[in-house]
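J.: Numbering follows our numbering, in which position 161 of the sequence shown is assigned residue number 145; successive positions increment by one, without gaps. Backbone N, C-alpha and C define an ideal beta-carbon position, used for all residues, glycine too. A single structure is presented below for examination.
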Amino acid sequence: MTQPIVSKTSARIPTADGTFTLSLYRTDIDDKEHLALVAGDVTRRDNVLVRIHSECFTGDVLGSLRCDCGPQLNQAIKLIASEGAGIILYLRQEGRGIGLRNKLRAYNLQDEGYDTVDANLLLGHQADERDYSVAALMLHDLGVRSLRLLTNNPAKIESLAAAGLRVTERVPLQVASHEENAAYLETKVKRMRHLLDLERVAVGTNGRFPLHSPLSQLQPGHRSDRPFVTLSYAQSLDGSITVQRGQPTAISGSESMRFTHQLRANHDGILVGIGTVLADNPSLTVRLVPGENPQPVVLDSHLRCPSDIKIMTRRPIIATLPTAGPVRQAALEAAGAQVWQLPANKNGRISLTALLPRLKEAGYHSLMVEGGSQVISSFLTAGVVDRVVVTVAPLYLGGLTAVEPQKTGQNGRFFPQLVNHQYHQVGKDLVLIADVENVRFGD
């Protein structure tokens, strides 16, 4: 890359997600002002998390539902902020390079029945006129040696590779599909080679969640070291998750239960403890919404899991300790389970810092945790939760609370702080969604 930077102006930009440095670039490649939003130190770094985002005034600023641009930009900002370092390049290439005026004309053609590709062609443009050479120039200037690219578009990877940049990983961005963007997303997959799992993102409306609700857009993030962990549970107004240990208690309303099933469908795996399995024999499915059932994972230190539980037909992963009996392990494996022996942590329980990387290696990139108080407390104190989703129902139970009492003098210092709080009423319930700050990794 030999083209010089004509000018570069930078300033500190504090945001709700974190503090960034915003740099405005002008180059001799074009006469446009492109932006780089940088978190942390990326100079001479490998595997920098990067998003190359083309300007979309209608989606990024107005929140248009015709495309997936706004949700992808928001996801990228949060992912990079949570990682502590990364880059978002904001390129002035509105409408895949045809400009806002022509994009609006293309929208009118789409409303007449043409897809997003044919609309561009009818206006005398190519399906995609974007040029990523300026992006490569900016990344070289920022000192990036290699990167992980947040994208569903293989053309971006190919363009960067042609410019001498090494992309070590493609990090997908999943967005929800609904009646306003379904045809657009399908066209991107079928005619523009985009790598988007339409079955996974499809949610429709079907009376479940309003189209504009953030709940319909909630997708897990991405981590390179382990699965993205979402901790989800329902509680009463007094903080109870059940009347007493071992007794299943219905807390959530029907609307919030459908939301929980959609959340399950958005994750690769779902984890519970052996206590939940013995008390409730749960199905752990997404039967209330369209989508694929997540992979069941059970924490079972002593292999107390029965061989005839409902989830056995889905080859559950049963995590246990090396001290568990080999006869019981053989029986569970014969019934269809995958038994993983893992080391114990300092409290004698299954080490989550051993389990989670192994799940990642097995191809599970996101994990929903729905266990009881022991599982909830273990994940929180180990610092391996990325997001919490708590449903609060308008009732009192006077029962077992979600978090186990801690040792005297700890004063909650081993629990993470929550940021980016959202509150949504779903039916009669209140749903809290928040990201976890300062995640530690150790139990």
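Is it right to say PRO327 is buried, meaning 16 or more other beta carbons lie within 10 angstroms of its own, or is it exposed?
T.: Position 343 of the sequence shown, counted from the start, is the residue given in the question as residue 327. Burial call: exposed.
J.: Assess, as a yes-or-no matter, whether the segment 371 to 389 is touched by the segment 334 to 346 under the definition of 3 or more beta carbon pairs within less than 8 angstroms.
T.: Result no; under three Cβ-Cβ pairs closer than 8 angstroms.
J.: With a floor of 3 residues, list each beta strand (DSSP E) that falls wholly inside the segment 256 to 320, ordered by position along the chain.
T.: The qualifying runs are 279 to 283, 301 to 304.
J.: With a cut-off of 8 angstroms on the beta carbons, I'd call GLY68 and GLY24 a contact; round off their distance for me.
T.: One-based indexing of the sequence shown puts residue 68 at position 84. One-based indexing of the sequence shown puts residue 24 at position 40. Sure, about 5 angstroms apart at Cβ, within 8 angstroms.
J.: Below 8 angstroms CB to CB, which residues in the same chain sit around PRO490 once its five sequence neighbours on both sides are set aside?
T.: What the structure shows of the chain is the stretch from -15 to 427, and residue 490 is not part of that stretch, so it cannot be assessed.
J.: HIS37 and TYR91: beta carbons closer than 8 angstroms?
T.: Mapped onto the sequence shown, residue 37 falls at position 53. Mapped onto the sequence shown, residue 91 falls at position 107. No, these two residues do not count as a Cβ contact at 8 angstroms.
J.: Tell me whether the segment 139 to 156 and the segment 51 to 59 touch, counting them as touching only if at least three CB pairs, one residue from each stretch, are closer than 8 angstroms.
T.: Flag = no, the segment 139 to 156 and the segment 51 to 59 do not touch.
J.: Kindly give me the distance between the Cβ atoms of LEU106 and GLY205, rounded to whole angstroms, as I take these residues to be in contact under 8 angstroms.
T.: As a first step, residue 106 is located in the sequence shown; it is residue number 122 there, counting from the start. As a first step, residue 205 is located in the sequence shown; it is residue number 221 there, counting from the start. About 38 angstroms separates the two Cβ atoms, so there is no contact after all.
J.: Please work out which residues of its chain come closer than 6 angstroms, Cβ to Cβ, to GLU239, disregarding the five sequence neighbours upstream and downstream, and give them in chain order.
T.: Against the sequence shown, residue 239 aligns to sequence position 255. Contacts found: VAL410, GLY411.
J.: Under the assumption that THR297 contacts GLY332 (Cβ atoms under 8 angstroms), give the Cβ distance between them as a whole number of angstroms.
T.: Position 313 of the sequence shown, counting from 1, holds the residue named residue 297. Position 348 of the sequence shown, counting from 1, holds the residue named residue 332. Incorrect: roughly 31 angstroms between the Cβ atoms, too far for contact.
J.: Looking at the strands, I want to know which residues DSSP matches up with GLU345.
T.: Working through the sequence shown from its first residue, we reach residue 345 at position 361. Bridge partners of GLU345: none, in fact.
J.: Just curious, the alpha helix (DSSP H) that ARG242 is in, first and last residue?
T.: Looking up residue 242 in the sequence shown gives position 258. That run of the alpha helix (DSSP H) goes 238 to 249.
J.: Assuming LEU215 and PHE363 make a contact with CB atoms under 8 angstroms, what is their CB distance in whole Å?
T.: For the purposes of this step, residue 215 is identified with residue 231 of the sequence shown, where counting begins at 1. For the purposes of this step, residue 363 is identified with residue 379 of the sequence shown, where counting begins at 1. Indeed, because the Cβ distance is near 6 angstroms, the residues count as touching under 8 angstroms.
J.: If you draw a straight line from the C-alpha of GLU39 to the C-alpha of GLN406, how long is it?
T.: As a position in the sequence shown, residue 39 is number 55, starting the count at 1. As a position in the sequence shown, residue 406 is number 422, starting the count at 1. One C-alpha to the other measures close to 26 angstroms.
J.: Beta-carbon within less than 6 angstroms of LYS344's beta-carbon, same chain only, minus the 5 sequence neighbours each way: which residues are those?
T.: As a first step, residue 344 must be located in the sequence shown, where it is residue number 360. Only ARG210, PRO211 meet the Cβ criterion.
J.: Using CA coordinates, which residue listed in LEU336, ALA386, VAL374 is at the minimum distance from GLN358?
T.: By one-based count along the sequence shown, residue 358 stands at place 374. Comparing Cα positions, the closest option is ALA386.
J.: Label GLN401 either buried or exposed according to how many other C-beta atoms from any shown protein chain fall within 10 Å of its C-beta, with 16 as the threshold for buried.
T.: Within the sequence shown, numbered from 1, the residue matching residue 401 stands at position 417. With fewer than 16 Cβ atoms within 10 Å of its Cβ, GLN401 is classed as exposed.
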